[in-house]
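Numbering (the numbering used here), first residue to last: 45 to 400.
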C-alpha cells in the first residue's frame with residue numbers, strides 16, 4: 045500500500061539574528077499509512093512542531109523529500125493539499141460566533157449555503173457545541189474553544205489532520221474529553237492523523253503508532269506494545285519514565301542479574317529467560333523494569349519495605365529507587381512480597397537490547 049505521507053532524509057535548520065544556524069531536523073525518515081493515527085512524542089525542542097509546520101507548508105526545509113500519496117509535495121500547490129493544522133495555541137476569530145468560526149474554511153472553499161449549514165450543524169452536534177453556536181470565543185471555556193478549533197479544522201473533510209500539542213495550553217480537566225473526541229473522530233473518518241505531544245500517557249492513549257523523537261530524528265516508531273516490549277535504546281527507557289520506573293546497573297552471572305552498586309543488594313532471578321542471552325556471564329548490563337512488571341506474590345517473591353502514601357498506594361524501594369504500588373485500602377503491613385515479570389524487563393549492553 046502507498047504511504048499517505050512519506051518523508052525521506054528531511055533536514056531543517058533555523059538561522060538566528062547573529063546568522064548562526066541550528067539544525068532542528070536531521071535526515072529524518074518517516075512513513076505514515078492511510079488512515080493511521082501516528083503520534084510524535086518527544087521532549088520540548090526535539091523538532092515535533094518544526095516537522096508539522098514543514099508538512100503543513102507553513103515553514104520551508106533545507107533538503108529532503110516529502111511525498112503525499114506518492115506525489116512529490118513540491119509539485120502540489122498549497123491550496124490543493126487537503127490538509128488541516130491545529131496549533132497548540134487556540135486561534136479563533138474573537139469577533140465571530142462559534143457558527144461563523146466553523147464556517148470560515150467552508151466559505152473559503154465556496155461551499156453552497158445549504159451544504160455549509162448542514163455541515164456546521166452536523167459538527168456542532170458531534171462536538172457538543174449545538175448550544176453554543178451563537179456564542180463568541182471569549183464566552184467559552186478552554187475545552188469548548190479547543191473543540192471549536194478542531195471542528196473548524198476538520199469541517200472541509202481533510203485527508204490529513206495535523207495536531208501540534210492541542211492539549212498543552214488546556215487545563216488538564218479538559219484533556220480526557222478532547223482525547224475521547226479525537227479517538228471517536230478518527231474512528232469515524234478515513235483521514236490520516238499526525239499528532240505531536242510531550243505527554244507520554246496522552247501519546248500512548250491516542251496513537252496507533254508512536255514515533256519517539258530524539259536528536260533531531262525518529263529514535264523509534266512502533267505500537268505501544270512494540271515500544272514497551274522492545275525498546276531499541278536506553279534513551280527510550282530513560283525517556284519513558286511513566287512506564288519504566290527502575291534502572292539498575294549490574295551484571296549477569298549464571299541465573300541471576302546482580303547490581304554492581306555496593307550499596308544496593310538488588311538481585312533478580314532470570315532463569316526463565318536465561319536462554320534469551322547468548323553468553324553465560326555478561327558484564328556492564330543496564331536493567332530497566334516497567335511499572336507494570338510488579339505484582340503481589342503469596343510466597344515466592346522478594347520482600348520489600350513499604351511506606352504508606354495514601355489509601356490506594358504504597359511506596360516500595362527497589363534498588364534504592366521508589367516505586368508506587370497500588371494496594372487495597374485495608375493494607376497495613378510495613379513489608380510487601382512482590383514478583384517481577386521478566387517479560388517486562390529490558391537488558392542493555394553497549395546500548396543494545398540483548399534480549400531476543
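All C-beta atoms in this analysis are idealised placements derived from N, C-alpha and C, irrespective of residue type, glycine included.
For residue i, which residues in the same chain have their Cβ closer than 6 Å to its Cβ, ignoring the five residues on either side in sequence?
i	result
residue 362	290
residue 196	145 and 146
residue 332	281, 288, 291 and 390
residue 179	142
residue 129	100 and 206
residue 258	279
residue 140	none
residue 339	383
residue 366	359
In or out: residue i buried (at least 16 other Cβ within 10 Å) or exposed?
i	result
residue 213	exposed
residue 89	exposed
residue 147	buried
residue 151	exposed
residue 379	exposed
residue 351	exposed
residue 267	exposed
residue 264	buried
residue 131	buried
residue 29	Only positions 45 to 400 of the chain appear in this structure, which leaves residue 29 out of reach.
residue 246	buried
residue 298	exposed
residue 209	buried
residue 236	buried
residue 111	buried
residue 93	buried
residue 48	buried
residue 190	buried
residue 334	buried
residue 105	buried
residue 220	exposed
residue 275	buried
residue 119	exposed
residue 61	exposed
Span of the alpha helix (DSSP H) holding residue i?
i	result
residue 225	219-232
residue 162	157-170
residue 378	Neither: residue 378 is in no alpha helix (DSSP H) and is coded neither H nor E.
residue 49	No alpha helix (DSSP H) holds residue 49; the beta strand (DSSP E) holding it covers 49-59.
residue 144	142-152
Taking the continuous beta strand (DSSP E) assigned at residue i, which residues delimit it?
i	result
residue 255	253-258
residue 333	325-334
residue 92	Not the beta strand (DSSP E): residue 92 falls in the alpha helix (DSSP H), residues 92-100.
residue 127	127-130
residue 407	The structure shown does not extend to residue 407, since the chain is modelled only from 45 through 400, so no value can be given for it.
residue 366	365-370
residue 104	Per DSSP, residue 104 belongs to no beta strand (DSSP E) and is neither H nor E.
residue 241	236-241
residue 361	357-362
residue 344	First-last for residue 344: undefined, no H or E at that position.
residue 73	65-76
residue 84	81-85
Assuming the contact rule is C-beta atoms closer than 8 Å, residue i and residue j should be a hit. Round their C-beta distance to whole Å, please.
i	j	result
residue 218	residue 187	3 Å
residue 184	residue 176	7 Å
residue 101	residue 69	Between residue 69 and residue 101 the Cβ distance is about 15 Å, and since that is not below 8 Å, they are no contact.
residue 84	residue 240	4 Å
residue 229	residue 193	13 Å between Cβ atoms; not a contact.
residue 98	residue 56	6 Å
residue 223	residue 249	6 Å
residue 51	residue 108	7 Å
residue 202	residue 126	5 Å
residue 238	residue 96	7 Å
residue 234	residue 79	6 Å
Answer yes or no: does any C-beta atom of chain B fall closer than 8 Å to that of residue i?
i	result
residue 60	No chain B is part of this structure, which consists of one protein chain only.
For residue i, which residues in the same chain have their Cβ closer than 7 Å to its Cβ, ignoring the five residues on either side in sequence?
i	result
residue 348	360, 361, 362, 379, 380 and 382
residue 337	384, 385, 388 and 389
residue 395	277 and 278
residue 341	381, 382 and 383
residue 321	296 and 398
I'd like the list of long-range same chain contacts for residue i, defined as Cβ closer than 8 Å, with 5 residues on each side in sequence excluded.
i	result
residue 295	301, 302, 304, 325, 326, 327, 328 and 329
residue 357	368, 369, 370 and 371
residue 73	51, 52, 53, 54, 261 and 262
residue 160	147, 150 and 151
| field | Within the segment 180-208, ranges of the beta strand (DSSP E) (whole runs, at least 3 residues) | value | 204-208
| query | For the segment 243-314, which segments carrying the beta strand (DSSP E) assignment without a break, of at least 3 residues, lie completely within its bounds, in sequence order? | reply | 253-258, 261-266, 288-297, 300-303 and 311-313
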